[in-house]
């Protein structure tokens, strides 16, 4: 619930906040981070150092006099002192500024804090140009618990570079946290690692800059290459969901981190490649699965009902790469990959593009499908983990499906830009280095991602 504030009350509140600010520092550990933002609502996540009352004061940027204040809500120890505030009753396509108050004290931030609600464009205008930011594999050093020797994490200024980008959403593609030996054997250890990572000062401006969505891979789920047998998988799921707000995770019958998001004329399917995963060592067969039968059924049925121009399938592991000796659906779960791709072709699902992380290098692959259009997969990795430059004798060095000029063996992030008039939409992929230098650019026209021409008429 929110309420309007008379000017006199606002002045009194600010005066009280200034007085209390002299007494003790604001109990803010991490945030504010923007979670999901819709046409008429927004979510803001925070974590405090002790139980504290949290409020947001927000207003349309063009009308500061219309400021409103959310009701106070306490952070609780049983929730890890994490809290997601939902603000509803907003106007589509509107930019709002906001301030964070803890125990009535304004917790000022050294960067902008605002959100922009999604525009209502269907049946009114062409789809809005939209920019999605991508990254995976974010290792944050903590000396007492890291392996001896040279620190594995580095290039942390990439977060400052990314915070300057005007993106409509950020997608964290897995290994956003690296659990260590001291972490993955207890629920408290998992929570401690998430708390440590999220509180890094260099991350805060990026987390506040745009809505954030996430999937996981093995390192933020459990030990390296972990699967459904990990004993703490339910605790891991609970903590992941606590730190990454979503409209809904999984389904009533099938828990997990998978979810569906609609942005502009794209529908995005975020997959869970760990919770239902069979062992990588299991012999290939129809029962060996990465996603599990129910999640795969959800994905196929969701794709069939999707009406978006682009259908982006995001997963921690690669999906299509069958020539890698490392984790991928095609290499280790070939029958599940075949089932998915065959179904896309049989049902003539258009506009599909795969996106993944994990590999510690970035590349764009294009896979020819008999009876179908080229299936592209963008792999984007790493952000701050160690980067991997493929040696010339590596089996993947001259990958036949790789789009020439797209292999990157340094820390990087990517932008996906949905651009163009309604009937001439295109997906522009740009990859950038730590300092913001563009490393490559590639365009995929929507017309390349289908079988037949559409009949004339409105798309929406």
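Numbering (the numbering used here), first residue to last: 19 to 478.
Backbone N, C-alpha and C define an ideal beta-carbon position, used for all residues, glycine too.
Just so you know, these numbers come straight off a predicted model, no measurement behind them.
For residue i, three-class secondary structure by DSSP
| i | result |
| --- | --- |
| residue 114 | strand |
| residue 211 | helix |
| residue 258 | helix |
| residue 480 | This structure leaves residue 480 out entirely; the chain is present only between 19 and 478. |
| residue 39 | Residue placement at residue 39 cannot be trusted, given a pLDDT of 43 that sits under 50; what the coordinates show is reported in the next sentence. Note: residue 39 maps to helix in three-state DSSP. |
| residue 435 | strand |
| residue 328 | strand |
| residue 237 | helix |
| residue 376 | coil |
| residue 278 | strand |
| residue 159 | coil |
| residue 222 | helix |
| residue 361 | helix |
| residue 106 | strand |
| residue 179 | helix |
| residue 420 | strand |
| residue 304 | coil |
| residue 350 | helix |
| residue 89 | coil |
| residue 228 | coil |
| residue 309 | coil |
| residue 144 | coil |
| residue 136 | coil |
| residue 79 | coil |
| residue 206 | helix |
| residue 458 | strand |
| residue 440 | helix |
| residue 168 | coil |
Alpha carbon of residue i to alpha carbon of residue j, nearest angstrom
| i | j | result |
| --- | --- | --- |
| residue 439 | residue 53 | 29 Å |
| residue 233 | residue 122 | 34 Å |
| residue 365 | residue 68 | 53 Å |
| residue 389 | residue 402 | 40 Å |
| residue 411 | residue 441 | 44 Å |
| residue 361 | residue 105 | 40 Å |
| residue 423 | residue 397 | 14 Å |
| residue 3 | residue 457 | Residue 3 lies beyond the range of the chain shown here (19 to 478); nothing can be said about it. |
| residue 290 | residue 247 | 15 Å |
| residue 66 | residue 333 | 31 Å |
| residue 357 | residue 130 | 46 Å |
| residue 340 | residue 267 | 29 Å |
| residue 4 | residue 469 | Outside the modelled stretch of the chain, which goes from 19 to 478, sits residue 4, for which no answer is possible. |
| residue 444 | residue 145 | 11 Å |
| residue 345 | residue 93 | 39 Å |
| residue 196 | residue 453 | 23 Å |
| residue 107 | residue 113 | 14 Å |
| residue 64 | residue 414 | 42 Å |
| residue 85 | residue 51 | 20 Å |
| residue 308 | residue 124 | 46 Å |
| residue 261 | residue 147 | 29 Å |
| residue 169 | residue 378 | 16 Å |
| residue 81 | residue 115 | 10 Å |
| residue 342 | residue 162 | 34 Å |
| residue 324 | residue 273 | 22 Å |
| residue 219 | residue 363 | 46 Å |
8 Å contact criterion, which residue i and residue j should meet: CB distance rounded
| i | j | result |
| --- | --- | --- |
| residue 459 | residue 447 | 7 Å |
| residue 193 | residue 235 | 5 Å |
| residue 208 | residue 254 | 6 Å |
| residue 374 | residue 419 | Contact doesn't hold; Cβ gap of about 14 Å is too wide. |
| residue 230 | residue 188 | 5 Å |
| residue 244 | residue 399 | Not quite, the Cβ-Cβ distance comes to about 18 Å (not below 8 Å), so this is no contact. |
| residue 302 | residue 352 | 6 Å |
| residue 136 | residue 55 | 7 Å |
C-beta contact flag for residue i and residue j at 9 Å
| i | j | result |
| --- | --- | --- |
| residue 58 | residue 134 | no |
| residue 282 | residue 436 | yes |
| residue 387 | residue 467 | no |
| residue 288 | residue 338 | no |
| residue 61 | residue 102 | yes |
| residue 461 | residue 421 | no |
| residue 47 | residue 99 | yes |
| residue 395 | residue 385 | yes |
| residue 222 | residue 127 | yes |
| residue 152 | residue 434 | yes |
| residue 321 | residue 367 | yes |
| residue 10 | residue 252 | The first residue shown for the chain is 19 and the last is 478, placing residue 10 beyond what the model contains. |
| residue 250 | residue 240 | yes |
Check: residue i C-beta below 8 Å from any heavy atom of the ligand SAH
| i | result |
| --- | --- |
| residue 233 | As for the ligand SAH, it is missing from this structure, which has no ligand bound. |
Three CB pairs or more closer than 8 Å across the region 426-433 and the region 138-146
no
Does the region 111-125 come close enough to the region 68-81 that 3 or more CB-CB pairs lie under 8 Å?
yes
The region 168-185 contacting the region 306-321, beta-carbon criterion three pairs below 8 Å
no
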